[in-house]
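FYI, the numbering for the sequence shown is 657 to 985, going by the working numbering. Even for Gly, the Cβ is constructed at its ideal location relative to N, Cα and C. Everything numeric in this text was worked out from a predicted model, so none of it was measured. One structure is given below, encoded as structure tokens.
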Amino acid sequence: MSHAPLTTAVEGIQPTSYVGFDTITSQIEHRLLKKGFQFNIMVVGHSGLGKSTLLNTLFSSHLIDSSSGVDITTIPITKTTEIKVSSHSLLEDRVRLNINVIDTPGFGDQINNDKVWEPIVKYIKEQYSQYLRKELTAQRDRRITDTRVHAVLYFIEPNGKGLTDLDVATLKRLTQIANVIPVIGKADTLTIDERTSFREIIQNEFKKHDFHIYPYDTDDLNEEELELNESIRSIIPFAVVGSEKEVEINGETFKGRKTRWGAINVEDINQCEFVYLREFLIRTHLQDLIESTAFIHYEGFRARQLIALKENASSRTSAQMSSNGLSQR
């Protein structure tokens with residue numbers, strides 16, 4: 657009778673002389689720095705909520721043009737939501753970030769906004785389909801180009817009332833297939849008290865509709881990471897303001913803009929929550945956004961597609977056998 661070999665947990669053994677496997681981290685770092693990181697971010701929301709400006713401010717780079725200052729009444733209204741992708745390569749202290757920005761002009765700008773989310777949902781699913789097809793090829797590429805959407809910044813209008821029917825319908829669909837991060841656009845139009853009250857209304861609606869808002873708690877998170885996620889959820893949706901312009905007030909220069917009520921410093925946490933969004937999106941959860949897309953949303957899509965393929969193949973086989981049986985009678 658054969659027995660499986662017994663394995664026991666042992667404490668780390670210290671080699672008697674230097675081996676060198678501690679360099680594996682620097683080897684990994686060298687390889688990662690060489691190929692860079694891919695990050696794909698989508699912005700969704702009505703025109704005039706500062707989507708382009710906020711994204712440019714987040715990455716401190718001019719990634720997409722803003723329609724700010726343009727008379728939108730002179731711009732032809734598209735019949736459907738468009739999808740526009742722009743690719744950029746950012747370099748910071750030897751770290752290269754290859755970023756695809758997916759803009760969705762036309763969303764919510766029509767008189768009839770019925771099903772304007774469909775092109776967005778279709779685009780996200782198409783990226784999963786393309787990735788799956790490349791995975792299933794007999795001779796797949798060593799590195800599959802990743803166009804899967806890692807984060808969706810969803811802009812909520814600062815109306816002080818709550819989510820619109822369009823917001824509810826869109827968020828219901830997007831939160832099922834992607835990492836959605838809701839923000840309140842042009843939040844400087846609200847007072848601090850109005851912002852607090854509005855956030856409570858929105859958070860209650862998230863719970864009411866059972867939206868699966870990012871970040872997610874998973875089994876592999878430690879207590880500190882779970883606490884961080886909880887603190888982040890407490891201020892979602894982030895009340896944000898963006899600006900690419902430098903403003904000087906009393907000898908101090910900062911990114912912001914002047915209004916008739918004074919100057920707005922986008923990095924002042926007393927005025928808006930841009931700093932919290934940047935910290936969360938880029939400095940603490942960037943890699944998790946990429947991994948959550950791969951291991952949660954894409955894996956779910958992949959499993960459903962493979963099950964469907966298996967069922968279709970089984971149905972065809974059964975139909976063929978039935979057909980052969982009839983022909984032999």
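One question on the structure: do ILE758 and VAL741 come within less than 8 Å of each other, judged by their Cβ atoms? Position 102 of the sequence shown, counted from the first residue, corresponds to residue 758. Position 85 of the sequence shown, counted from the first residue, corresponds to residue 741. Going by C-beta atoms, ILE758 is nearer than 8 Å to VAL741.
Does the region 865 to 885 come within contact of the region 935 to 953, defined as at least 3 CB pairs closer than 8 Å? In this structure the region 865 to 885 touches the region 935 to 953; the number of beta carbon pairs closer than 8 Å is three or more.
Start and end of the alpha helix (DSSP H) containing PRO893? For this step, residue 893 is matched to residue 237 along the sequence shown. That residue, PRO893, is in no alpha helix (DSSP H); it is neither H nor E in DSSP.
My assumption, with CB atoms under 8 Å, is that ILE840 sits in contact with PRO761. Please give the rounded CB distance. If you number the sequence shown from 1, residue 840 lands on position 184. If you number the sequence shown from 1, residue 761 lands on position 105. Contact check for ILE840 and PRO761: beta-carbon distance about 20 Å, past the 8 Å limit, so the pair fails to qualify.
In the DSSP assignment, what residue or residues form a beta bridge with PHE693? Locating residue 693 in the sequence shown gives position 37, where the first residue counts as 1. Its beta-bridge partners are LEU753.
Identity of the residue in ASN696, LEU746, LEU830 nearest VAL772 by Cα: Counting from 1 along the sequence shown, the entry for residue 772 is found at position 116. Ranked by Cα distance from VAL772, the first of ASN696, LEU746, LEU830 is LEU830.
Bridge partner(s) assigned by DSSP for ILE848: The residue labelled residue 848 in the question sits at position 192 within the sequence shown. Partner(s): none; ILE848 has no beta bridge.
ASP759 - DSSP class collapsed to helix/strand/coil: Position 103 of the sequence shown, counted from the start, is the residue given in the question as residue 759. ASP759: strand per DSSP, three-state reduction.
N- and C-terminal bounds of the alpha helix (DSSP H) containing ASN921: By one-based count along the sequence shown, residue 921 stands at place 265. Boundaries around ASN921 are those of the beta strand (DSSP E), 918 to 921, since no alpha helix (DSSP H) includes it.
Assign THR949 to one of three DSSP states: helix, strand, or coil. Translated into positions along the sequence shown, residue 949 becomes position 293. Helix, per DSSP.
Given a threshold of 16 other Cβ atoms within 10 Å of its Cβ, counted over all protein chains shown, does THR915 qualify as buried or as exposed? Indexing the sequence shown from 1 puts residue 915 at position 259. THR915 is classed as exposed because its beta carbon has fewer than 16 other beta carbons within 10 Å across all chains shown.
Run through DSSP, which three-state label would LEU747 get? For the purposes of this step, residue 747 is taken as the residue at position 91 of the sequence shown. DSSP places LEU747 within a strand segment (E or B) once states are collapsed to three.
By the 10 Å Cβ neighbour count, where 16 or more other Cβ atoms means buried, how is ASN926 classified, buried or exposed? Mapped onto the sequence shown, residue 926 falls at position 270. Around the C-beta of ASN926, fewer than 16 other C-beta atoms lie within 10 Å, and the residue is accordingly described as exposed.
PHE957 versus ARG804 - alpha carbon distance: For the purposes of this step, residue 957 is taken as the residue at position 301 of the sequence shown. For the purposes of this step, residue 804 is taken as the residue at position 148 of the sequence shown. Rounded to the nearest angstrom, the two C-alpha atoms are 12 Å apart.
To which residues of the same chain is LEU711 closer than 8 Å at the C-beta, ignoring the five residues directly before and after it? Within the sequence shown, residue 711 is the residue found at index 55, counting from 1. Around LEU711: ILE697, VAL699, LEU719, ILE720, VAL757, LEU809, GLY898.
Taking the straight line between their C-alpha atoms, what separation do you get for GLN943 and PHE695? Here the question's residue 943 lines up with position 287 in the sequence shown. Here the question's residue 695 lines up with position 39 in the sequence shown. Computed Cα separation, rounded: 9 Å.
Boundaries (first-last residue) of the alpha helix (DSSP H) holding LYS790: If you number the sequence shown from 1, residue 790 lands on position 134. In the DSSP assignment, LYS790 falls within the alpha helix (DSSP H) that extends over 774 to 792.
Identify the residues that DSSP records as bridge partners of LEU809: which are they? Along the sequence shown, one-based indexing puts residue 809 at 153. Beta-bridge pairing links LEU809 to VAL699, ILE837.
Residues near GLY706 in its chain [Cβ-Cβ closer than 6 Å; skip 5 each side]: As a position in the sequence shown, residue 706 is number 50, starting the count at 1. Cβ within range, chain order: GLY841, LYS842, GLY898.
Relative to the C-alpha of ASP749, which residue among SER717, LEU689, GLU908 is closest? Here residue 749 corresponds to residue number 93 of the sequence shown, with the count starting at 1. Minimum Cα distance to ASP749 is reached at LEU689.
Taking LEU714 as the reference, which of GLY692, ASN921, GLU904, GLU900 has the closest Cα? For the purposes of this step, residue 714 is taken as residue 58 along the sequence shown, with counting starting at 1. Out of GLY692, ASN921, GLU904, GLU900, the CA that lies nearest to the CA of LEU714 is found in GLU900.
Are the beta-carbon atoms belonging to LEU746 and SER708 less than 8 Å from one another? Taking the sequence shown and counting its residues from 1, one reaches residue 746 at position 90. Taking the sequence shown and counting its residues from 1, one reaches residue 708 at position 52. Contact: no.
So for ARG804, helix, strand or coil by DSSP? To locate residue 804, count along the sequence shown from 1; it is residue 148. The answer is coil: DSSP assigns ARG804 none of H, G, I, E or B.
Ignore the nearest five residues each way along the sequence and tell me which others in GLU923's own chain have a CB closer than 7 Å to its CB. What you label residue 923 is simply residue 267 of the sequence shown in a count that begins at 1. PHE910, LYS911, PHE930, VAL931.
Using only the alpha-carbon positions, how far apart do VAL824 and ILE800 sit? To locate residue 824, count along the sequence shown from 1; it is residue 168. To locate residue 800, count along the sequence shown from 1; it is residue 144. Rounded to whole angstroms, VAL824 to ILE800 spans 34 Å at the Cα level.
Same chain, Cβ closer than 6 Å to VAL726, neighbours up to 5 away in sequence not counted: Position 70 of the sequence shown, counted from the first residue, corresponds to residue 726. Confidence in VAL726 is poor, its pLDDT being 43 and thus under 50, which makes the residue's placement too unreliable to answer from.
With distances taken between CB atoms, is the gap from ASN835 to HIS806 smaller than 8 Å? Position 179 of the sequence shown, counted from the start, is the residue given in the question as residue 835. Position 150 of the sequence shown, counted from the start, is the residue given in the question as residue 806. HIS806 is positioned such that its CB atom lies closer than 8 Å to that of ASN835.
Helix, strand or coil for GLY912? Go by DSSP, reduced to three states. Walking along the sequence shown from the start, residue 912 turns up at place 256. Strand at GLY912.
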